[in-house]
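Asks:
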Amino acid sequence: MQTTIERIESNVRGYARLFPTVFQSAVGSTLTDTAGKTYIDFFCGAGSLNYGHNPRKAKAALLDYIERDGVQHSLDTATVAKVDFLDTFDRLILRPRGLQYRIQFTGPTGTNAVEAAIKLARKQTGRSHVIAFTGGYHGHSLGSLALTANQYYHSESYGSHNNVTHLPFDGYLDDQDTSEILAKMLQDRSSGLPMPAAVILETVQGEGGINVASDAWLRRIASICEEHDIRLIIDDIQVGNGRTGTFFSFERAGITPDLVCLSKSIGGGLPMSLLLIRPERDTWNPGEHTGTFRGNNLAFVAATAVLRHWADPKFETEIAVRSERVRQRMEQICHRHRDAGFECRGRGLIWGIDVKRGDLASEVIRRAFKAGLLIEASGNKDQVLKVMPALTIPMALLDQGLKILDSSIRQTMASIPTVSEKPASTAVVFPNLAMPTGASSLQGSN
Ligand SMILES: Cc1ncc(COP(=O)(O)O)c(C=O)c1O
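Numbering (UniProt numbering), first residue to last: 1 to 446.
1. V364: buried (16+ other C-beta within 10 angstroms of its C-beta) or exposed?
2. Can you tell me the Cα-Cα spacing of L232 and Q2, whole angstroms?
3. Less than 8 Å between the CB atoms is what I'm expecting for residue 463 and I40, so what's the real figure, rounded?
4. For a test of the three-state rule: what should DSSP assign to G28, helix, strand or coil?
5. Who pairs with F274 in a beta bridge, going by DSSP?
6. At which residue ranges does the segment 112–150 contain complete beta strand (DSSP E) runs of 3 or more residues, listed in the order of the chain?
7. Check whether the Cβ of Q104 lies closer than 7 Å to any heavy atom of ligand 1, and answer yes or no.
8. Who are E376's beta bridge partners in DSSP?
9. Do you know whose CA, among G240, I416, K370, lies nearest T38's CA?
10. How about F19 and L385: do their beta carbons lie closer than 8 Å?
11. According to DSSP, simplified to helix, strand and coil, what is E288?
12. I'd like the span of the alpha helix (DSSP H) that includes W351, first residue to last.
13. Alpha carbon to alpha carbon, how far is E376 from S362?
14. Taking only three categories from DSSP, how would you classify H335?
15. Please determine, among L173, A198, I404, the residue with the shortest C-alpha to C-alpha distance to D235.
16. Just to check, is the beta-carbon of V384 closer than 7 Å to a non-hydrogen atom of ligand 1?
17. Would DSSP call Y153 helix, strand or coil?
18. In whole angstroms, what separates the C-alpha of R325 from that of A113?
19. Taking all protein chains shown into account, decide if V212 is buried (16 or more other Cβ within 10 angstroms of its Cβ) or exposed.
20. Could you please give me the residues that DSSP links to G208 through a beta bridge?
21. State the start and end residues of the unbroken alpha helix (DSSP H) segment that holds I224.
22. Measuring straight from C-alpha to C-alpha, what distance separates residue 478 and I393?
23. So does T79 have its beta carbon nearer than 7 Å to some heavy atom of ligand 1?
24. Give the straight-line distance between the Cα atoms of G143 and I409, rounded to the nearest whole angstrom.
25. Residue range of the beta strand (DSSP E) that E180 falls in?
26. Let me know the secondary structure DSSP gives R7 once reduced to three states.
27. Note the first and the last residue of the continuous alpha helix (DSSP H) segment covering E251.
28. Under three-state DSSP, which class holds E202?
29. Here's the rule: buried if 16 or more other CB atoms are within 10 angstroms of the residue's CB, otherwise exposed. What is Y158?
30. Is the separation between the beta-carbon of L310 and that of I93 shorter than 8 Å?
31. Just mark S29 as buried or exposed, buried being the case when its beta carbon has 16 or more other beta carbons within 10 Å.
32. Can you tell me whether A299 sits near ligand 1, meaning its C-beta is under 7 Å from at least one heavy atom of the ligand?
33. If we ignore side chains and look at the alpha-carbon of each, how far apart do K356 and A146 end up?
34. Near R122, which residues of its chain fall below 6 Å by C-beta distance, leaving aside the five closest residues on each side in sequence?
35. Roughly how many angstroms lie between the CA atoms of K422 and I353, to the nearest whole one?
36. Taking 7 Å as the line, does the beta carbon of V130 fall inside it for any heavy atom of ligand 1?
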């Protein structure tokens, strides 16, 4: 079956190379392939499976909805599934957090929410420039691609850098407060930076290498945006939906962004994407931003089912317990390999082990896969192992996965110097990938 993939699927395929098997079924935090081998999932559909594969409540609700001939396709007409989702999201997520947002359904994938956010900010400010950050990842449609920093995805022929300036993210210049650069450039009429319509950022950069912005930096960026009437867009596509321990990743910083992009896990495993808009910023005219697959009714049904986790205050406590276990193990691993310069970064249930070399990370991923663990890497050299289990993973499985990761790292480090870094221009980060020369990254290829 792998050969069918190799024969017919485009060369652009990515994860099929990283995980070279054919998967057959998936429940909770495990997948099983056609050979009957089971894998623990620390990859989590790049953040789309925070509630696990086929969450039982979502599955039951979906089967029931289909059985009753519930409306499946409806563009953005009103359906019972949509009304239930909106009521549930408002009751369980927005109101308990004192948030008032209007909800715009966009096309079904994350980049569609980013495109809508940028377009709305440009429309209402009458400006075209946008600030994004080093390491940022916002998708691959051309507007979002311009905001995505990694050069692997860019070609000047796309004309995709138009009207976007990337400034240093928090921590990019070690201890320097990089928000000061933005503040100063906006005040200085000779900085060359046009007054932007929007600033867009991830509070924890998932594809950029698990770079965590401090609360103080986020607050400073929010206040700069307010001062200059710039729309602050938080891209919570990967680290929203409870990934950092709270539903929204910006909650602990106490900021209220103008616009919030949500996707991935919001659909309980099915495609869904939305934009949260502060009511005073909802300046769209009817039908002004449209698309055929806005509002996937099956995703509404699954989403409503998984959102019910948030009705129970114990849910956040359980995430915190798992997060603490992961943090401890990450620190142990990094301490053990401190001589190799390993560093750990993360928050909640998204952690990165920066092993400093793409080839090492790749070898760890290969060994982990063989031992039954799915994990990927991110960062500018794919050098950061990305630990991202489901929020609902049973503790025993979490421990088992962490053990496999630990021993895969130990084996890899013990195999040095057989694992040797290749020059950057020819590095093949994933040895099992037939990547073109110079293609040093697969990050974000989800
Ligand atoms: C932060 C962030 N924004 C946007 C996207 C793009 O989402 P999609 O791949 O669903 O278009 C991603 C995908 O990884 C992401 O991590």
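All residues carry an ideal CB built from backbone N, CA and C; glycine is no exception.
Replies: Result, derived from the coordinates:
1. As a working mapping, residue 364 is identified with position 364 in the sequence shown. Buried.
2. In the sequence shown, counting from the first residue as 1, residue 232 sits at position 232. In the sequence shown, counting from the first residue as 1, residue 2 sits at position 2. Near 44 Å, if we compare the C-alpha coordinates of Q2 and L232.
3. Given a span of 1 to 446 for the chain in the structure shown, any question on residue 463 remains unanswerable.
4. Looking up residue 28 in the sequence shown gives position 28. Three-state result, G28: strand.
5. Numbered from its first residue, the sequence shown carries residue 274 at position 274. Here the sequence assigns Leu to residue 274, which means Phe is not the residue at that position. Bridge partners of L274: F105, L262.
6. 130–133
7. Looking up residue 104 in the sequence shown gives position 104. Checking the Cβ of Q104 against ligand 1 gives no.
8. Residue numbering aside, residue 376 sits at position 376 when the sequence shown is read from its first letter. Paired residues: K386.
9. Translated into the one-based positions of the sequence shown, residue 38 becomes position 38. Among G240, I416, K370, the Cα nearest to that of T38 belongs to K370.
10. For the purposes of this step, residue 19 is taken as residue 19 along the sequence shown, with counting starting at 1. For the purposes of this step, residue 385 is taken as residue 385 along the sequence shown, with counting starting at 1. Their beta carbons are not under 8 Å apart, which means F19 does not touch L385 by this criterion.
11. On the sequence shown, position 288 is the one that residue 288 refers to. Looking at E288 - three-state DSSP - the assignment turns out to be coil, as it is neither helix nor strand.
12. One-based indexing of the sequence shown puts residue 351 at position 351. Premise fails: W351 lies in the beta strand (DSSP E), 350–354, not in any alpha helix (DSSP H).
13. Indexing the sequence shown from 1 puts residue 376 at position 376. Indexing the sequence shown from 1 puts residue 362 at position 362. The straight-line gap from Cα to Cα measures roughly 8 Å.
14. Position 335 of the sequence shown, counting from 1, holds the residue named residue 335. Three-state DSSP puts H335 in a helix.
15. The residue given as residue 235 occupies position 235 in the sequence shown. Selected option, being the one with the closest Cα: A198.
16. On the sequence shown, position 384 is the one that residue 384 refers to. Answer for V384: no, Cβ out of range of ligand 1.
17. Sequence index remark: in the sequence shown, residue 153 carries index 153 (1-based). Helix.
18. As a working note, residue 325 is residue 325 in the sequence shown. As a working note, residue 113 is residue 113 in the sequence shown. Distance between the alpha carbons of R325 and A113: 33 Å.
19. Sequence index remark: in the sequence shown, residue 212 carries index 212 (1-based). It counts as buried.
20. Position 208 of the sequence shown, counted from the start, is the residue given in the question as residue 208. The partner list for G208 (beta bridge, DSSP) is empty, contrary to what the question assumes.
21. By one-based count along the sequence shown, residue 224 stands at place 224. Counting along the chain, the alpha helix (DSSP H) containing I224 begins and ends at 215–227.
22. Outside the displayed range of the chain (1 to 446) lies residue 478, so it cannot be described from this structure.
23. Position 79 of the sequence shown, counted from the first residue, corresponds to residue 79. T79: no, Cβ never under 7 Å from ligand 1.
24. Taking the first residue of the sequence shown as 1, we reach residue 143 at position 143. Taking the first residue of the sequence shown as 1, we reach residue 409 at position 409. If you take the alpha carbons of G143 and I409, they lie about 38 Å apart.
25. What you label residue 180 is simply residue 180 of the sequence shown in a count that begins at 1. Run containing E180: none in the beta strand (DSSP E); it sits in the alpha helix (DSSP H), 179–187.
26. Start at 1 with the first residue of the sequence shown, and residue 7 comes out as number 7. In the structure shown, R7 sits in a helix (DSSP, three-state: H, G or I).
27. As a position in the sequence shown, residue 251 is number 251, starting the count at 1. Note, E251: premise wrong, no alpha helix (DSSP H); not H, not E.
28. Within the sequence shown, residue 202 is the residue found at index 202, counting from 1. In this structure, E202 counts as coil in the three-state DSSP scheme.
29. Within the sequence shown, residue 158 is the residue found at index 158, counting from 1. It counts as exposed.
30. In the sequence shown, counting from the first residue as 1, residue 310 sits at position 310. In the sequence shown, counting from the first residue as 1, residue 93 sits at position 93. For the record, residue 310 in the displayed sequence is Trp; it is not Leu. Yes, Cβ-Cβ distance for W310 and I93 is below 8 Å.
31. Taking the sequence shown and counting its residues from 1, the one referred to as residue 29 is at position 29. Buried is the call here.
32. Looking up residue 299 in the sequence shown gives position 299. Checking the Cβ of A299 against ligand 1 gives no.
33. Taking the first residue of the sequence shown as position 1, residue 356 is located at position 356. Taking the first residue of the sequence shown as position 1, residue 146 is located at position 146. Taking the straight line from one Cα to the other gives about 27 Å.
34. Along the sequence shown, one-based indexing puts residue 122 at 122. Cβ neighbours of R122 beyond the five flanking positions: S128, A197.
35. Start at 1 with the first residue of the sequence shown, and residue 422 comes out as number 422. Start at 1 with the first residue of the sequence shown, and residue 353 comes out as number 353. Bear in mind that a pLDDT of 48 at K422, under 50, signals an unreliable position, so the model cannot answer this.
36. Stepping through the sequence shown from its first residue, residue 130 is reached at position 130. Every heavy atom of ligand 1 is 7 Å or more from the Cβ of V130, so no.
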